[in-house]
Amino acid sequence: MIRQGMPVIGVVLVLSGCAGGENLYAGPLGNFEQAVERTASTTRVYSALARQNQNNAAISAVVVNADAAIGFDVTACAKGQDASKCMVVNGDGTPITASVNAPEPSVVMMSRIETYASLLADIAGAVSAAELQVREKAAGTALGKLQSGARALKAGQSGRGLKDFKGAAEDALAGAYLQSQRRKLLTALVKDADPIIAAAGKTLASVLGDVRASYIESQSFRINLEVLNFNNLGPLLKAGKTASAVAQAQVLRRTALTRLIRESQQVQAVAGMDVGAAFDDMTKAHAALLKALEFSSTELGMVVEAIENFSATSKKASNALGQFQGMM
Amino acid sequence: MADDLDTISKDIERLGGCANDLQALSAKAIQAGDAAKAQDLATQAVIMMGKKAELSAKRRSLETSNPEWRQLLDNLDDLEQKAQGAKADMQKTQDTVEAAKTVLGAVSKILTVL
């Protein structure tokens, strides 16, 4: 009886780890999700910068045009009026800055990648810490059953022992089956996705790289002009005949300097960002996920995964193994 | 569309060149102590740069409406559909396994009673 039970113990022990434990692709999947999160946030920031850049250009054009007048319909802001008209406009009533009705195409593309990453996590069964604890408990129960089963077998109480083995084996085999199905589905999906993610990453990096270059260029020229404006206010400060003229020049310089410091810090931050690297990381993380999935589908991968799972479930499992060895 | 993109790219380059030249002249005016001229030239440079930014935005907009971009979006849509399908398949498999375990458990209990 014990001899017949031995292979079952081995199989169940190894497979029980697969029922609810880690897998070889969990880490790479987490890395990919994080990379997607980073690039999505970068894309949103750059979309805002592109808008800001266009707004700044429109404002500069109005500011330097001596003939330009602006208008504002104060009645439009009253209760019950058309609030969309409650805004500063050009003299002819046209908007000074373009209104934003639809999200930027790059944001649309990135949100598709985000959805894909989140679906991958769903398929992989990414779960909350609470659920992981429940799974760990279930794995612990399965090992407990095996221990008592083995003891019962050794003691010749075959009926109880077999029942325990059967229960644990069913759970473990079901878990292993689910894991193999999950791996199969994920591998096919990630394999199909890999060239698409690589192409999308390259395209987005190029578009956002253009936004970055344009923003830094325009802002640095604008900041340079505002620095000149600030310095040119100096003589006004010196020549001020009245206290109020001096105060006015100081207020202008303070406002300008405060804004300049803020804006130059923003340009500095954007100049320090490497948008290409962020998308490259995302593409690499996806390729690494595919490799991990493909490796985990090989026999060697399954063995490595089973061993890793076994050590992950671990103190309990190794204690149990020690007890088995002692018993046999 | 390729022609449009080429023309816009050339215009962008020209505007950038003009803006840089104006900026350089502005810097020279500062060195020469002509603050008013420096400010005027820097202002013109900013306007040129603004036009360049506008054209860059237009070029990006053209790029995102070209067939390659649309194809990429279609591919991502297909991918999402596939992922949704795979998620549903996985859920179905899990349900089936759970049902099978329940049935097995019930049969096992009946056999034990018998």
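Chains A and B supply the protein sequences, listed in that same order.
So for the first sequence, our numbering puts the first residue at 44; every next one is plus one.
So for the second sequence, our numbering puts the first residue at 53; every next one is plus one.
Backbone N, C-alpha and C fix where the C-beta goes; we use that ideal spot for every residue, glycine too.
Remember, predicted model here, so these are calculated numbers, not experimental data.
Cβ neighbours of residue i in the same chain (closer than 7 angstroms, five flanking residues each side left out)
i                : result
Ala78 (chain A)  : Asp324, Met325 and Ala328
Asp116 (chain A) : Lys128
Met152 (chain A) : Ala243 and Leu247
Gly365 (chain A) : Note on Gly365 (chain A): pLDDT 49, under 50, position unreliable in the model; the coordinate value appears next. For Gly365 (chain A), where only same-chain residues beyond five positions count, there are no Cβ hits under 7 angstroms.
Ile82 (chain B)  : Ala90
Ser61 (chain B)  : Arg111
Cut-off 8 angstroms between Cβ atoms - residues of its own chain near residue i, not counting five sequence neighbours on either side
i                : result
Lys227 (chain A) : Ser340
Leu280 (chain A) : Val289, Ala292, Gln293 and Arg296
Ser261 (chain A) : Asn96, Asn99 and Ala100
Asp168 (chain B) : Residue 168 (chain B) cannot be examined here, being either before or after the span of chain B that is shown, 53 to 166.
Ile64 (chain B)  : Lys104, Leu107, Ser108 and Arg111
Ile113 (chain A) : Val105, Val131, Val132, Asn133, Gly134 and Ile139
Lys149 (chain B) : Correcting the residue type first, residue 149 (chain B) is Val in the shown sequence and not Lys. So the list is empty, once near-sequence residues are dropped.
Leu93 (chain B)  : Leu74, Gln75, Leu77, Ser78 and Ala81
Ala330 (chain A) : Asp237 and Ala241
Arg46 (chain A)  : Residue placement at Arg46 (chain A) is poorly supported in this model, since its pLDDT is 43, which falls under 50; the coordinates are not used for a value here.
Asn74 (chain A)  : Ala328, Ala331 and Leu332
Leu300 (chain A) : Phe273
Lys245 (chain A) : Phe322 and Thr326
Same chain, Cβ closer than 6 angstroms to residue i, five either side skipped, listed in chain order
i                : result
Cys70 (chain B)  : Met100
Leu128 (chain B) : none
Arg122 (chain B) : none
Ala91 (chain A)  : none
Ala160 (chain A) : Glu76 and Val79
Ala109 (chain A) : none
Lys134 (chain B) : none
Cys120 (chain A) : Cys129
Gly85 (chain B)  : none
Residue interval of the alpha helix (DSSP H) (run including residue i)
i                : result
Ile156 (chain A) : Pro148 to Ala167
Ile99 (chain B)  : Ala87 to Glu115
Ser307 (chain A) : Ala286 to Gly315
Ala71 (chain A)  : The question names Ala, yet the displayed sequence has Pro at residue 71 (chain A). Start and end: Ala69 to Val107.
Ala335 (chain A) : Val318 to Ser339
Gly277 (chain A) : Gly277 to Ala282
Within 8 angstroms, strictly: CB atoms of residue i and residue j
i                : j                : result
Leu332 (chain A) : Pro71 (chain A)  : yes
Leu221 (chain A) : Gln146 (chain B) : yes
Ala217 (chain A) : Lys153 (chain B) : yes
Ser78 (chain B)  : Ala87 (chain B)  : no
Leu124 (chain B) : Ala231 (chain A) : no
Arg81 (chain A)  : Val143 (chain A) : no
Arg225 (chain A) : Ala164 (chain A) : no
Leu162 (chain A) : Thr95 (chain B)  : no
Val318 (chain A) : Ala248 (chain A) : yes
Ile266 (chain A) : Ser223 (chain A) : no
Glu132 (chain B) : Thr118 (chain A) : no
Val270 (chain A) : Leu229 (chain A) : no
Ile259 (chain A) : Ile156 (chain A) : no
Segment limits, beta strand (DSSP E) that includes residue i
i                : result
Gly114 (chain A) : Ile113 to Phe115
Asn133 (chain A) : Val131 to Asn133
Cβ distance (whole Å) where residue i is taken to contact residue j below 8 angstroms
i                : j                : result
Leu67 (chain A)  : Val233 (chain A) : The Cβ separation is near 13 angstroms, so there is no contact.
Phe250 (chain A) : Glu115 (chain B) : Note on residue identity: the sequence assigns Val, not Phe, to residue 250 (chain A). With 8 angstroms as the limit, Val250 (chain A) and Glu115 (chain B) qualify as a contact, their Cβ atoms being about 7 angstroms apart.
Leu67 (chain B)  : Ala97 (chain B)  : Not confirmed; about 10 angstroms, so no contact.
Task: Validate contact between the region 75-90 of chain A and the region 143-155 of chain A using beta carbons, cut 8 angstroms, 3 pairs - done: yes
TODO: Give the residues from the region 84-110 of chain B that approach chain E closer than 9 angstroms (Cβ to any Cβ), ordered along the chain.
DONE: Judged by its chain identifiers, the structure shown contains no chain E, and its protein chains are A and B.
- [ ] Evaluate contact between the region 115-132 of chain A and the region 89-104 of chain A, counting only Cβ atoms and requiring at least three cross-stretch pairs below 8 angstroms.
- [x] no
TODO: Could you say if the region 267-275 of chain A and the region 311-321 of chain A meet the contact criterion of at least three C-beta pairs nearer than 8 angstroms?
DONE: no
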